[in-house]
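*Asks:* Numbering (mature numbering (1 follows the signal peptide of the UniProt record, and there is no 0)), first residue to last: -22 to -1, 1 to 377.
The beta carbon of each residue, even a glycine, is placed where N, CA and C say it ideally should be.
Written as structure tokens, this is what we have:
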């Protein structure tokens, strides 16, 4: 049965807790008409878990039947979830999408019209152009914090412009631009547990700032970033000794993994070994791939095998998080959302990566699971990222 937005909003509004939390997570489409009729009144606020890898195109998911990927945990999750097969990234670039996610505003309203970095010599771009999430912006995380949620953020943020004196690192500068910076506590928008960075693409040796880490002393980690972030998410869920959150409050946790974002060779060998009898050419079968073209170094269809290996690794780490959620018996009380900010062309239409108006760059995973509350289904209703905040105010009057 087809989904309409009107029926969707009615269904979400049937439960104020579901409406507030699901919409805040970006759940602008969850229910079929049948679901609306059977939605039960929910009095307890659910937890919220968002797992949010970067640059993962919808075609890369095994159950979609397109790319030759290995994603058993995502596939199982999809079988239990509401799956929006036509979800799109309105602006398929890291910072602009993240800005829409947080504020519910299009880039021309929130000012996030490009990535957060400086200009070629560190003297323009970023703050000079206003490309950063404003301190005074109202985000879904601000709203949930005021509604009594414990808030946690792990991984890539990419919503603050670097400023001098710049933090040392491999991408400060890269190509003459400065990219990475910490987020001061007053700009974390309700997230009281913080384990994050701006944008840092050494996936095998990432850095993080925690609640207790000063700007000039980031934590240097010798572990693949999705694996490390899954470890941190598991610690947050276990919450031994109440170290990470208030056990008397519902929690909202974001796990923002950078892979499968480039550089694609930043992936553990064990994931590459799962494709050892394949090459990028045998794996990348899309008919619109342009092979006989010179791409920017480090990009293009020749890296498709590495891209698939990264996705397999992200899938495995997502599976670890879900397994811990179930082991702790939190799964039935937790709305889990899985999506990406944009896709990646990998040579389709002759394009190397993203920020173009092609299917491979714009169509993204978008799935929601809440056992016993959201019946599993798949639907082709279009999904638009900027509706998040307006859905909160329409459904539950939190505005």
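Measure how close the beta-carbons of residue 330 and residue 285 come, nearest whole angstrom, since I'm counting them as under 8 Å.
*Replies:* Not quite, the Cβ-Cβ distance comes to about 11 Å (not below 8 Å), so this is no contact.
*Asks:* Can you find the residues in the same chain that come closer than 6 Å, C-beta to C-beta, to residue 147, ignoring five residues on each side of it along the sequence?
*Replies:* Hits under 6 Å: 158.
*Asks:* Using the Cβ count rule (16 or more neighbours within 10 Å means buried), how would you classify residue 138?
*Replies:* By the neighbour-count rule (16 or more Cβ atoms within 10 Å), residue 138 is buried.
*Asks:* What would DSSP say about residue 332, mapped onto helix, strand or coil?
*Replies:* Note: residue 332 maps to coil in three-state DSSP.
*Asks:* Residue 365 and residue 82 - do their beta-carbons sit closer together than 8 Å?
*Replies:* Result yes, Cβ atoms of residue 82 and residue 365 sit closer than 8 Å.
*Asks:* Just the C-alpha distance for residue 344 and residue 318, rounded to the nearest angstrom, thanks.
*Replies:* Their backbone Cα atoms lie some 7 Å apart in a straight line.
*Asks:* Taking only three categories from DSSP, how would you classify residue 52?
*Replies:* Note: residue 52 maps to helix in three-state DSSP.
*Asks:* Can you list, in chain order, the residues of its chain with a C-beta nearer than 6 Å to that of residue 47? Leave out the 5 residues immediately preceding and following it.
*Replies:* The residues are 38, 40, 286, 289.
*Asks:* Do residue 340 and residue 66 come within 8 Å of each other at the CB atom, strictly closer than that value?
*Replies:* Yes.
*Asks:* Whose C-alpha, out of 86, 92, 55, 59, is nearest the C-alpha of residue 73?
*Replies:* Closest option to residue 73, Cα to Cα, is 92.
*Asks:* Under 8 Å by Cβ, that's how I've got residue 155 and residue 95 pegged, so tell me the actual separation to the nearest angstrom.
*Replies:* Yes, residue 155 and residue 95 are in contact; Cβ-Cβ is about 5 Å, under 8 Å.
*Asks:* Compute the Euclidean distance between the alpha carbons of residue 203 and residue 352, then round it to the nearest angstrom.
*Replies:* Rounded to the nearest angstrom, the two C-alpha atoms are 31 Å apart.
*Asks:* What residue range does the alpha helix (DSSP H) around residue 293 cover?
*Replies:* Element bounds for residue 293: 282 to 305.
*Asks:* Return the CA-CA distance between residue 291 and residue 141, expressed in angstroms with no decimal places.
*Replies:* Looking at the two C-alpha atoms, the distance is approximately 33 Å.
*Asks:* Rounded to the nearest angstrom, what separates residue 63 and residue 25 at their Cα positions?
*Replies:* Spanning the two alpha carbons is a distance of roughly 24 Å.
*Asks:* Would you say the segment 197 to 214 touches the segment 126 to 134, given that touching needs at least three Cβ pairs under 8 Å?
*Replies:* Yes: the two stretches touch, three or more of their Cβ pairs being nearer than 8 Å.
*Asks:* Pull up the distance between the alpha-carbon of residue 219 and that of residue 225, whole angstroms please.
*Replies:* Their backbone Cα atoms lie some 10 Å apart in a straight line.
*Asks:* If you draw a straight line from the alpha carbon of residue 109 to that of residue 120, how long is it in whole angstroms?
*Replies:* So the alpha carbons of these two residues sit roughly 20 Å apart.
*Asks:* Could you give the DSSP three-state label for residue 247: helix, strand or coil?
*Replies:* Residue state, collapsed to three classes: helix.
*Asks:* Buried or exposed: which applies to residue 49, given that a residue is buried once 16 or more other Cβ atoms fall within 10 Å of its Cβ?
*Replies:* Buried, since its Cβ has 16 or more Cβ neighbours within 10 Å.
*Asks:* Using DSSP bridges, identify the partner residues of residue 434.
*Replies:* Given a span of -22 to 377 for the chain in the structure shown, any question on residue 434 remains unanswerable.
*Asks:* Closest to residue 84 by C-alpha separation, out of 160, 163, 254, 115, would be which residue?
*Replies:* It is 115 whose Cα lies nearest to the Cα of residue 84.
*Asks:* What did DSSP end up calling residue 357 once you bin it into helix, strand or coil?
*Replies:* Correct three-state label for residue 357: strand.
*Asks:* Quick one: is residue 215 buried, meaning 16 or more other Cβ sit within 10 Å of its Cβ, or exposed?
*Replies:* Residue 215 is buried by the Cβ-count criterion.
*Asks:* Excluding the 5 residues flanking residue 230 on each side, which residues of the same chain have their C-beta closer than 6 Å to its C-beta?
*Replies:* Cβ within range, chain order: 26, 122, 127, 129.
*Asks:* Taking the alpha-carbon positions, what's the residue 163 to residue 237 distance?
*Replies:* Approximately 25 Å between the Cα atoms of the pair.
*Asks:* State the DSSP-derived secondary structure class of residue 118, mapped to helix, strand or coil.
*Replies:* Of the three classes helix, strand and coil, the one that applies to residue 118 here is helix, per DSSP.
*Asks:* With DSSP collapsed to three states, give me the class of residue 63.
*Replies:* If DSSP states are grouped into helix, strand and coil, residue 63 belongs with coil.
*Asks:* Based on Cα-Cα distance, which residue from 325, 313, 275 lies nearest to residue 354?
*Replies:* Among 325, 313, 275, the Cα nearest to that of residue 354 belongs to 313.
*Asks:* Just to check my reading of the structure: residue 205 and residue 295 have Cβ atoms closer than 8 Å, yes? What is that Cβ distance to the nearest angstrom?
*Replies:* Contact holds; Cβ gap of about 6 Å.
*Asks:* With distances taken Cα to Cα, identify the nearest neighbour of residue 150 among 174, 173, 180, 125.
*Replies:* Cα-wise, what sits closest to residue 150 is 180.
*Asks:* Give the DSSP-derived three-state secondary structure of residue 27 in the structure shown.
*Replies:* It is a strand residue.
*Asks:* Return the CA-CA distance between residue 253 and residue 194, expressed in angstroms with no decimal places.
*Replies:* Spanning the two alpha carbons is a distance of roughly 40 Å.
*Asks:* In the DSSP assignment, find the unbroken beta strand (DSSP E) run with residue 313 in it and report its ends.
*Replies:* Unbroken beta strand (DSSP E) run through residue 313: 312 to 317.
*Asks:* In three-state DSSP terms, what is residue 321?
*Replies:* It is coil, neither helix nor strand.
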